[in-house]
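Q: Have a look at this one before I ask anything.
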Amino acid sequence: SLQKSTIESLSALYNQSFTEKDFQINQTKPEFEGDYTVVMFSLVKSLKLAPDAIGNQLGEHLIKNYPQFFTAYNIIKGFLNLTVADAYWQSLLQKNYNDICYGKKAMNGKKVMVEYASPNTNKPLHLGHLRNIFLGWSVAEILKANGYEVVKSCIVNDRGIHICKSMIAWQLFANGATPQTTGTKGDHFVGDYYVKFNDVYKEQVADLIAAGKMKDTAEKEAPIMKATQQMLLDWEDGKPEVMELWKTMNGWVYEGFDVTYNSIGADFDKVYYESNTYLLGKDIVQQGMDKKVFYQKDDSSIWIDLTADGLDEKIVQRSDGTSVYITQDIGLALQKYEQYKIDQSIYVIGNEQNYHMKVLKLICEKLGMPNAENIHHLSYGMVELTSGKMKSREGTVVDADDIVEEMLSTSQQHTEELGKVKDFNPDELKTLYNTIGLGAMKFYLLRVDPKKTMVFNPAESIDFHGFTGPFVQYTYARIQSILRKVDTPINAYETSGELFKGEKDVIVCAEQYPAALEQAAAEQNPSVIANYVFNLAKIFNSFYAEHSIANAENEEKKQLRLKIASLTANVLKSGMSLLGIAVPERM
RNA sequence: GGCCUCGUAGUACAAUGGAUAGUAUAAGGGCCUCCGAAGCCCCAGAUCCAGGUUCGAUUCCUGGCGAGGCCA
């Protein structure tokens, strides 16, 4: 390859061994002559030579010894710009234009678990969950493409005081209503009772304060809160009628979640339920005591002291012997490792849990657990609105089902206005609206670096122009249209001859795809792929506007451009699939 | 109060310490008798402030100012 020949040349010239880390390679900026740039500065110190001297020697050597790769060079201010032989690009094109696995790696024998989504069963999914779900799903696909075996998992938070709140509210106010009798989606139905609880609770607290109680006291003594706490105790005791209600209401929620998961294409290989895992980790507390990693306070609560690591003291078991979140998380982390023998355990969780996840990993390390090093928090930023944060109290939370619905109807509207698929039957249309609407939404949420807080602008999210999913889909559909219409088939012979700039630009960009896949996996960052496919589509569109494929100057050029179109389509389809986005043959 | 993120055109996003800081939108001007105009071309516009390290800083360090998060 280009890089390998550079390393070999350097080693031969200066009689020492170099690696790819010893120097920097970039794509040459468009304003300079050349395709491939080696930055000399990092070599200056070790070789004790002037940048231009190294550049000249290296440039000469490369052209002399690797004429199949390099044909010319120039040096500008310490940058060695090399012109890559057109034959190199031609053979790259020939090798990959029809390879649907281009850029993907063979299995590497490593297994990774990606835990994502992880909802509570007391309210429906919202925009933040969508970022989480798209991110988790996409990272799983990106890791698969890089040779990992991936287990997608989900921990459902199906128990606790917040779950009991919607149960109590249903008991008190529903009069036996169900999702079926009201025609409401199950998760929304249950979520409505969670809201109802909070309304009633607020009223009761206000009444108690009006009757002269202090705020703290009022919050504790509100009848609906006391009933909820009793219900939690009954649940823990396994009281039959409470268990029954709990199962029924969670069942409604799961039915609703399944509808949403289906519509957005999310799936899991393994689902954990907190009701099964919340007692995990008890024995670990004992081990921690034995190893003197934990210590007991006078009230018999158990703690770990992390002040030496710059954190604080953290409770791992309450004085009444009940466990806390972190303890179950340790237990589950160990269980995942034992069940699946995973090499890495990725948690897709919002950045408000950064501290919690740091503590989790640190405790696992201190306990000497075999999986401690493999725990990785894929922390993502909040989704904010142009008006600021989403707040459930102010009713500004964007519901997942609503936004999906809006994307679908917008894609329908655009499609109808353009009127290009009037011959589609209703099923084909429905599929197309899904492809475009979901494509727009997934692309919008994935194109930003996951770590960063992002702004959700409703007007921009339904825009289908520019840096969007539909732009990339359109480019793909247009290529397919050309390939369908062209009279001569693509033949198997490698093309040759000089490349026009537009032609070369597309191939040069396509060459970067494997590197983009690697980077996306290394950073666990789908935005690398989103940026890449957009860029490729853009470069192809420029090429296409300038050069005719069907009416090329000659048969050789026609074959060349057909292959360029085919390669582009393959890479776009492959890259988009890693984002969970389908590409239509027509749109 | 302690700890952790983040400050880039009007707006939203890019840039392993590298060349004149990219892209999209919104504003202005062009391009369909020819492979799909959900497209292409042209034109403008930005690194919060002050120091430091470096041949070179949007990037690394220190201190401000501003936004967000977590822990009591």
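Using the working numbering, the letters of the first sequence correspond one by one to residues 1092 to 1678. Just so it is clear, CB atoms sit at the ideal spot from N, CA and C, and this is done for glycine as well.
Specify whether the segment 1233–1253 and the segment 1512–1529 touch according to this definition: at least 3 beta carbon pairs, one from each stretch, less than 8 Å apart.
A: Segments in contact, no.
Q: Determine whether the beta carbon atoms of L1451 and M1498 lie at a separation below 8 Å.
A: Residue 1451 sits at position 360 when you count from the first residue of the first sequence. Residue 1498 sits at position 407 when you count from the first residue of the first sequence. Result no, Cβ atoms of L1451 and M1498 do not sit closer than 8 Å.
Q: What would DSSP say about S1392, mapped onto helix, strand or coil?
A: Residue mapping note: residue 1392 aligns to position 301 of the first sequence, counting from 1. It is coil, neither helix nor strand.
Q: What do you reckon, are the CB atoms on A1601 and V1662 nearer than 8 Å?
A: The residue labelled residue 1601 in the question sits at position 510 within the first sequence. The residue labelled residue 1662 in the question sits at position 571 within the first sequence. In this structure, V1662 lies closer than 8 Å to A1601 by Cβ.
Q: Looking at C-beta atoms only, is the number of pairs between the segment 1250–1263 and the segment 1199–1215 that lie closer than 8 Å three or more?
A: The segment 1250–1263, when compared against the segment 1199–1215, does touch it at the 8 Å Cβ threshold.
Q: Starting from Q1107, trace the beta strand (DSSP E) both ways and give me its first and last residue.
A: Here residue 1107 refers to the residue found at position 16 of the first sequence. Run containing Q1107: none; DSSP gives neither H nor E here.
Q: Could you have a look at H1556 and say whether DSSP puts it in helix, strand or coil?
A: If you number the first sequence from 1, residue 1556 lands on position 465. In this structure, H1556 counts as coil in the three-state DSSP scheme.
Q: Mark L1173 as exposed unless 16 or more other C-beta atoms lie within 10 angstroms of its C-beta, in which case mark it buried.
A: For the purposes of this step, residue 1173 is identified with residue 82 of the first sequence, where counting begins at 1. Counting Cβ neighbours within 10 Å, L1173 comes out buried, since at least 16 surround it.
Q: At what residues does the beta strand (DSSP E) containing A1163 begin and finish?
A: In the first sequence, the residue the question calls residue 1163 occupies position 72. That run of the beta strand (DSSP E) goes 1161–1167.
Q: Since S1657 contacts Y1188 with CB under 8 Å, what's their CB separation in whole angstroms?
A: Locating residue 1657 in the first sequence gives position 566, counting from the first residue. Locating residue 1188 in the first sequence gives position 97, counting from the first residue. With a Cβ gap of about 5 Å, S1657 and Y1188 count as contacting.
Q: D1490 bridges to which residues according to DSSP?
A: Here residue 1490 is taken as the residue at index 399 of the first sequence, counted from 1. Paired residue(s): H1217.
Q: Output yes or no for whether 8 Å exceeds the beta carbon distance between K1338 and L1458.
A: What you label residue 1338 is simply residue 247 of the first sequence in a count that begins at 1. What you label residue 1458 is simply residue 367 of the first sequence in a count that begins at 1. Taking 8 Å as the Cβ cut-off, K1338 and L1458 do not qualify as a contacting pair.
Q: For S1102, count the other beta carbons within 10 Å of its own beta carbon; 16 or more makes it buried, fewer makes it exposed. Which is it?
A: Taking the first residue of the first sequence as position 1, residue 1102 is located at position 11. Exposed, because fewer than 16 other Cβ atoms sit within 10 Å of the Cβ of S1102.
Q: Using beta-carbon positions only, say whether Q1181 and E1585 come within less than 8 Å of one another.
A: On the first sequence, position 90 is the one that residue 1181 refers to. On the first sequence, position 494 is the one that residue 1585 refers to. In contact: Q1181 and E1585 (Cβ atoms closer than 8 Å).
Q: Note down the Cα distance separating M1473 from G1219, rounded to an integer number of angstroms.
A: Walking along the first sequence from the start, residue 1473 turns up at place 382. Walking along the first sequence from the start, residue 1219 turns up at place 128. For M1473 and G1219, the distance between alpha carbons rounds to 7 Å.
Q: Put M1316 into one of helix, strand or coil per three-state DSSP.
A: What you label residue 1316 is simply residue 225 of the first sequence in a count that begins at 1. The answer is helix: DSSP assigns M1316 an H, G or I state.
Q: Roughly how many whole angstroms lie between the Cα atoms of A1178 and E1589?
A: Locating residue 1178 in the first sequence gives position 87, counting from the first residue. Locating residue 1589 in the first sequence gives position 498, counting from the first residue. Taking the straight line from one Cα to the other gives about 8 Å.
Q: Give the secondary structure of C1192 by DSSP, where H, G and I count as helix, E and B as strand, and everything else as coil.
A: Stepping through the first sequence from its first residue, residue 1192 is reached at position 101. Coil at C1192, not helix or strand.
Q: Give the C-beta separation of R1677 and A1568 to the nearest angstrom, bearing in mind that I take them to be a contact with Cβ-Cβ under 8 Å.
A: Taking the first sequence and counting its residues from 1, one reaches residue 1677 at position 586. Taking the first sequence and counting its residues from 1, one reaches residue 1568 at position 477. About 6 Å separates the two Cβ atoms, so the contact holds.
Q: Please identify the residue among F1132, Y1105, I1233 whose C-alpha is closest to the C-alpha of M1667.
A: If you number the first sequence from 1, residue 1667 lands on position 576. The shortest C-alpha separation from M1667 is found at I1233.
Q: Taking buried to mean at least 16 other C-beta atoms within 10 Å of its own C-beta, is N1223 buried or exposed?
A: The count along the first sequence starts at 1 and reaches residue 1223 at position 132. Label assigned to N1223: buried.
Q: Tell me where the beta strand (DSSP E) around S1244 begins and ends.
A: As a position in the first sequence, residue 1244 is number 153, starting the count at 1. That run of the beta strand (DSSP E) goes 1240–1247.
Q: Would DSSP call M1204 helix, strand or coil?
A: In the first sequence, residue 1204 corresponds to position 113, counting from 1. DSSP places M1204 in strand when its eight states are reduced to three.
Q: Go ahead and pull the three-state DSSP assignment for T1128.
A: As a position in the first sequence, residue 1128 is number 37, starting the count at 1. T1128 falls in the strand class under three-state DSSP.
Q: Taking V1376 as the reference, which of D1396, T1368, Y1386 has the closest Cα?
A: Counting from one through the first sequence, the residue named residue 1376 turns up at place 285. Answer by Cα proximity: Y1386.
Q: Pop quiz: Y1164 and L1138 are said to be a contact at Cβ under 8 Å. What is the actual Cβ separation, rounded to whole angstroms?
A: Residue 1164 sits at position 73 when you count from the first residue of the first sequence. Residue 1138 sits at position 47 when you count from the first residue of the first sequence. Going by Cβ atoms, the distance from Y1164 to L1138 rounds to 18 Å, so no, they are not a contact pair.
Q: Select from L1371, E1124, G1194, D1492 the residue whose C-alpha is nearest the C-alpha of D1349.
A: Counting from one through the first sequence, the residue named residue 1349 turns up at place 258. When each option's Cα is compared against that of D1349, the closest is D1492.
Q: Which residues bound the beta strand (DSSP E) around K1664?
A: For this step, residue 1664 is matched to residue 573 along the first sequence. First-last for K1664: 1646–1669, but that is the alpha helix (DSSP H), not the beta strand (DSSP E).
Q: Three-state secondary structure (DSSP) at Q1603?
A: Working through the first sequence from its first residue, we reach residue 1603 at position 512. Of the three classes helix, strand and coil, the one that applies to Q1603 here is coil, per DSSP.
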